[in-house]
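Basically my numbering = 1-based index in the sequence shown + 244. Let me begin by presenting the structure, written as structure tokens, before commenting on it.
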Amino acid sequence: MGCSKAETQEDSEINQYNEERSLCLHSFSDLSHVSAATFMYLLKDCYLYGTDKATPKFKILQLQVKRALHNAPQPGPFTYVVQCMYIIPLLGKTYAEGFSHMLISSLRHFKSVKSGQKDFLDAKRLAARLILDIVASIVPHEERILVKLLEAFDIELRDMAHALYGSDSDEDLVKAREHLKQYVQCLMESESYVTAVNLITRFSIQCCDESFLTKLIENNHFEAAEKWAVFMGKEMICLIIQTYLDTKMLKRANELVKQHDLTEEFPDVNYLYKESVLKKLAEKGCWDIAEVRAKKETKLMEYLVYLAMEAGYMEKVEELCQQYSLEGYVNSLVPEEICCGPDYLDLKKLVLEDIIWVDEIDGLLNAISYIEACKIIGVDCEWKPNFQKGSKPNKVSIIQIASYKRAFIFDLIKLYEDDPKVLDSCFRRIMCSSNILKLGYNLQCDLHQLSQSYGELKCFQSYEMLLDIQKLFKGATGGLSGLSKKILGAGLNKTRRNSNWEQRPLTQNQKEYAALDAVVLVHIFHHVKGQPQFGVTEGCKVEWKSHIVSRVKNSRSPSRF
Numbered sequence: 245m246g247c248s249k250a251e252t253q254e255d256s257e258i259n260q261y262n263e264e265r266s267l268c269l270h271s272f273s274d275l276s277h278v279s280a281a282t283f284m285y286l287l288k289d290c291y292l293y294g295t296d297k298a299t300p301k302f303k304i305l306q307l308q309v310k311r312a313l314h315n316a317p318q319p320g321p322f323t324y325v326v327q328c329m330y331i332i333p334l335l336g337k338t339y340a341e342g343f344s345h346m347l348i349s350s351l352r353h354f355k356s357v358k359s360g361q362k363d364f365l366d367a368k369r370l371a372a373r374l375i376l377d378i379v380a381s382i383v384p385h386e387e388r389i390l391v392k393l394l395e396a397f398d399i400e401l402r403d404m405a406h407a408l409y410g411s412d413s414d415e416d417l418v419k420a421r422e423h424l425k426q427y428v429q430c431l432m433e434s435e436s437y438v439t440a441v442n443l444i445t446r447f448s449i450q451c452c453d454e455s456f457l458t459k460l461i462e463n464n465h466f467e468a469a470e471k472w473a474v475f476m477g478k479e480m481i482c483l484i485i486q487t488y489l490d491t492k493m494l495k496r497a498n499e500l501v502k503q504h505d506l507t508e509e510f511p512d513v514n515y516l517y518k519e520s521v522l523k524k525l526a527e528k529g530c531w532d533i534a535e536v537r538a539k540k541e542t543k544l545m546e547y548l549v550y551l552a553m554e555a556g557y558m559e560k561v562e563e564l565c566q567q568y569s570l571e572g573y574v575n576s577l578v579p580e581e582i583c584c585g586p587d588y589l590d591l592k593k594l595v596l597e598d599i600i601w602v603d604e605i606d607g608l609l610n611a612i613s614y615i616e617a618c619k620i621i622g623v624d625c626e627w628k629p630n631f632q633k634g635s636k637p638n639k640v641s642i643i644q645i646a647s648y649k650r651a652f653i654f655d656l657i658k659l660y661e662d663d664p665k666v667l668d669s670c671f672r673r674i675m676c677s678s679n680i681l682k683l684g685y686n687l688q689c690d691l692h693q694l695s696q697s698y699g700e701l702k703c704f705q706s707y708e709m710l711l712d713i714q715k716l717f718k719g720a721t722g723g724l725s726g727l728s729k730k731i732l733g734a735g736l737n738k739t740r741r742n743s744n745w746e747q748r749p750l751t752q753n754q755k756e757y758a759a760l761d762a763v764v765l766v767h768i769f770h771h772v773k774g775q776p777q778f779g780v781t782e783g784c785k786v787e788w789k790s791h792i793v794s795r796v797k798n799s800r801s802p803s804r805f
């Protein structure tokens with residue numbers, strides 16, 4: 245027949261796999277006569293035979309385990325899981341923590357089942373014994389699993405005393421606490437602070453002073469630090485709040501003050517926290533959100549005006565003053581009181597000759613003719629920010645294209661409404677030109693946004709001769725502003741980044757901001773071209789050319805020159 249030996253062997257392996265799979269399914273459907281050891285080894289085999297990646301496999305198995313634990317494990321699901329926990333380390337480190345987490349988390353909903361109450365109470369002491377075996381390194385489980393066991397089985401000091409001494413008399417409770425205290429001290433010596441805090445707070449172990457709080461904070465274990473401080477009482481809570489204030493961790497300080505009703509002791513914390521929120525929003529350019537957060541509180545609005553003045557955002561200062569009648573506050577400020585912001589780059593320093601706003605077809609045609617004669621241009625675009633979680637970004641509002649001396653700002657929304665075909669044709673002449681080097685910063689993101697906004701246009705789906713300046717620098721921080729500071733000696737003022745780019749007309753400051761983002765790319769390129777000392781890789785004069793990309797429509801990936 246010519247039936248190959250390989251085929252016969254393959255059929256045999258398939259049959260064996262099907263038999264093992266059937267055995268697993270049968271075992272999981274009735275655990276009444278399946279030992280914990282058998283169950284765990286079958287579970288391991290299920291994982292090994294799975295074809296999905298690790299995370300999906302664990303999720304599927306967890307669902308199967310939850311179902312299986314409903315199928316008469318003896319003497320009950322809680323005791324059965326504790327027995328399994330003794331077996332898991334024998335399967336190897338690869339499976340230990342994942343399987344342990346899977347089993348423990350599967351028990352959550354069993355606590356509310358009346359039929360499982362007796363088994364839960366019986367399993368508590370067995371779990372306490374397991375915890376002692378983990379502490380003594382007899383059963384090798386991770387500390388995280390120890391903590392999960394404490395929580396899942398709600399282990400109390402009397403459970404530990406009974407597991408140690410066979411009773412929970414007052415004398416045995418004292419001895420059990422002392423036994424655990426020694427383990428806690430070992431944990432602290434090995435810098436396992438989080439586990440130590442869990443044991444301290446659960447079993448009321450007094451063994452640390454405020455230096456322990458310092459160690460927790462220094463190691464960024466803030467939740468553990470707060471948990472321990474609450475356990476120690478008001479004095480320690482006040483100490484951690486003061487520590488947070490000293491280190492400018494105002495959000496955590498504010499939350500603790502609210503949780504423990506300590507406003508009388510720390511009356512200024514809430515206001516300081518609100519100020520810090522406004523400052524962060526202002527630094528991100530989210531002025532509208534900052535205004536909403538200020539909630540018309542006069543003092544906070546005054547601080548927002550101060551931040552706008554500090555950032556040189558004078559139109560925002562004027563807007564806030566008019567809306568909230570704060571002219572008196574601005575007039576009361578002594579100029580020396582306003583900290584001058586960084587020395588930002590501006591268009592005067594770059595000697596830009598003209599910024600041209602283009603919102604008509606004739607202007608579009610003239611601008612494209614000028615741009616086609618350029619060898620190098622900078623490209624950027626802006627859209628109105630959308631701060632609603634889960635919502636789609638707004639349509640790209642403007643695209644800026646700049647040469648060394650001139651910047652064009654195209655009103656895409658209006659041009660698209662007026663004549664999409666002409667708009668498409670004009671921008672294809674630029675984007676698909678092999679004679680024009682087009683510079684951007686994270687330009688792929690802008691192009692994606694453009695193609696999402698104007699999917700009907702082909703001009704943003706294909707391109708030639710694109711160079712993302714960001715790709716030339718390794719480890720550069722601070723975005724385009726940081727790069728500008730590194731190369732040109734001054735950063736960019738980004739206060740208007742999140743302004744309303746759909747309003748018409750744009751303010752002069754918005755136009756200057758938009759033009760600067762495009763023209764600075766051309767200046768940075770001219771500075772770094774052939775100059776390795778500016779942070780580009782060795783052989784920069786040739787190296788930058790290898791970063792130029794092109795994309796022809798329908799191709800799956802960009803091609804490189």
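Think of the CB as a built atom: it goes at the ideal place given N, C-alpha and C, for glycine as much as any other residue.
With H, G and I counted as helix, E and B as strand and the rest as coil, what does DSSP make of residue i?
{"i": "Leu-483", "result": "helix"}
{"i": "Trp-745", "result": "coil"}
{"i": "Ser-799", "result": "The predicted model places Ser-799 with a pLDDT of 44, which falls under 50 and marks its position as unreliable, so this point remains unresolved."}
{"i": "Arg-672", "result": "helix"}
{"i": "Tyr-339", "result": "helix"}
{"i": "Leu-431", "result": "helix"}
{"i": "Lys-249", "result": "Residue placement at Lys-249 is poorly supported in this model, since its pLDDT is 46, which falls under 50; the coordinates still yield a value, given next. The answer is helix: DSSP assigns Lys-249 an H, G or I state."}
{"i": "Asp-603", "result": "coil"}
{"i": "Ser-794", "result": "strand"}
{"i": "Asp-712", "result": "strand"}
{"i": "Tyr-330", "result": "helix"}
{"i": "Phe-717", "result": "strand"}
{"i": "Gly-779", "result": "Because Gly-779 sits at a pLDDT of 44, beneath the cut-off of 50, its placement in the model cannot be relied upon, and the point is left open."}
{"i": "Asn-262", "result": "Annotation note: pLDDT 45 at Asn-262 (below 50); position unreliable, no value reported."}
{"i": "Gln-696", "result": "helix"}
{"i": "Phe-300", "result": "The displayed chain sequence assigns Pro, not Phe, to residue 300. Pro-300: helix per DSSP, three-state reduction."}
{"i": "Val-391", "result": "helix"}
{"i": "Glu-499", "result": "helix"}
{"i": "Leu-724", "result": "helix"}
Measuring alpha carbon to alpha carbon, tell me which residue in the options is nearest residue i.
{"i": "Asp-532", "options": "Tyr-660, Lys-628 and Pro-321", "result": "Lys-628"}
{"i": "Phe-272", "options": "Phe-654, Pro-300 and Gln-306", "result": "Gln-306"}
{"i": "Ser-697", "options": "Arg-741, Asn-742 and Ile-642", "result": "Ile-642"}
{"i": "Leu-594", "options": "Ile-612, Gln-503, Leu-765 and Asn-742", "result": "Leu-765"}
{"i": "Glu-571", "options": "Thr-542, Tyr-588, Lys-592 and Asp-587", "result": "Thr-542"}
{"i": "Glu-661", "options": "Ile-605, Gln-693 and Ile-615", "result": "Ile-605"}
{"i": "Leu-351", "options": "Ala-316, Pro-321 and Thr-439", "result": "Pro-321"}
{"i": "Asp-668", "options": "Ser-706, Ile-599 and Leu-683", "result": "Ser-706"}
{"i": "Leu-347", "options": "Ala-316, Met-284 and His-406", "result": "Met-284"}
{"i": "Cys-689", "options": "Pro-637, Gly-726 and Leu-659", "result": "Pro-637"}
{"i": "Ala-281", "options": "Phe-354, Met-329 and Val-666", "result": "Met-329"}
{"i": "Pro-749", "options": "Ser-569, Ile-657 and Pro-511", "result": "Ile-657"}
{"i": "Met-476", "options": "Gln-644, Cys-452, Asn-744 and Lys-492", "result": "Cys-452"}
{"i": "Asp-655", "options": "Gly-723, Glu-395, Ala-759 and Leu-589", "result": "Ala-759"}
Quick one: does the C-beta of residue i sit closer than 7 Å to a heavy atom of the ligand ZN?
{"i": "Ala-759", "result": "You won't find the ligand ZN in this model; it holds no ligand whatsoever."}
Assuming residue i contacts residue j under a Cβ cut-off of 8 Å, what Cβ separation, rounded to an integer in Å, is found between them?
{"i": "Tyr-685", "j": "Ile-713", "result": "5 Å"}
{"i": "His-465", "j": "Tyr-488", "result": "So it is not a contact: roughly 14 Å between Cβ atoms."}
{"i": "Lys-702", "j": "Arg-672", "result": "6 Å"}
{"i": "Leu-716", "j": "Ser-794", "result": "Actually they are not in contact, since the Cβ atoms of Leu-716 and Ser-794 sit about 17 Å apart, beyond 8 Å."}
{"i": "Phe-652", "j": "Val-574", "result": "About 36 Å; that fails the 8 Å criterion."}
{"i": "Glu-616", "j": "Ser-677", "result": "7 Å"}
{"i": "Val-326", "j": "Leu-374", "result": "6 Å"}
{"i": "Asp-363", "j": "Thr-299", "result": "Between Thr-299 and Asp-363 the Cβ distance is about 31 Å, and since that is not below 8 Å, they are no contact."}
{"i": "Glu-742", "j": "Lys-392", "result": "The question names Glu, yet the displayed sequence has Asn at residue 742. At roughly 43 Å, the Cβ-Cβ gap does not stay under 8 Å, so Asn-742 and Lys-392 are not in contact."}
{"i": "Ala-534", "j": "Leu-516", "result": "16 Å between Cβ atoms; not a contact."}
{"i": "Phe-397", "j": "Lys-358", "result": "Not a contact, Cβ separation roughly 18 Å."}
{"i": "Gly-287", "j": "Phe-354", "result": "First, the residue type needs correcting, since residue 287 is Leu and not Gly in the sequence shown. Incorrect: roughly 18 Å between the Cβ atoms, too far for contact."}
{"i": "Ile-612", "j": "Arg-650", "result": "The Cβ separation is near 13 Å, so there is no contact."}
{"i": "Leu-608", "j": "Val-666", "result": "7 Å"}
Tell me, please, which residues DSSP counts as bridged to residue i.
{"i": "Cys-625", "result": "Ile-643"}
{"i": "Asp-598", "result": "Arg-650"}
{"i": "Leu-681", "result": "Ile-620"}
{"i": "Asp-655", "result": "Ile-642"}
{"i": "Tyr-707", "result": "Arg-795"}
### Query
Does the pairing of the stretch 305-316 with the stretch 328-340 give three or more beta-carbon distances under 8 Å?
no
### Query
Do the stretch 722-737 and the stretch 761-776 touch if we need at least three Cβ pairs shorter than 8 Å?
yes
### Message
Across the stretch 416-428 and the stretch 467-481, are there enough close Cβ pairs to call them in contact, namely three or more that are closer than 8 Å?
### Response
no
### Query
Should the stretch 477-487 be regarded as contacting the stretch 444-458, the criterion being three or more beta carbon pairs within less than 8 Å?
yes
### Contact between the stretch 734-752 and the stretch 541-561 (3+ Cβ pairs under 8 Å)
yes
### Message
Would you call the stretch 442-450 in contact with the stretch 416-425, where contact means no fewer than 3 C-beta pairs closer than 8 Å?
### Response
yes
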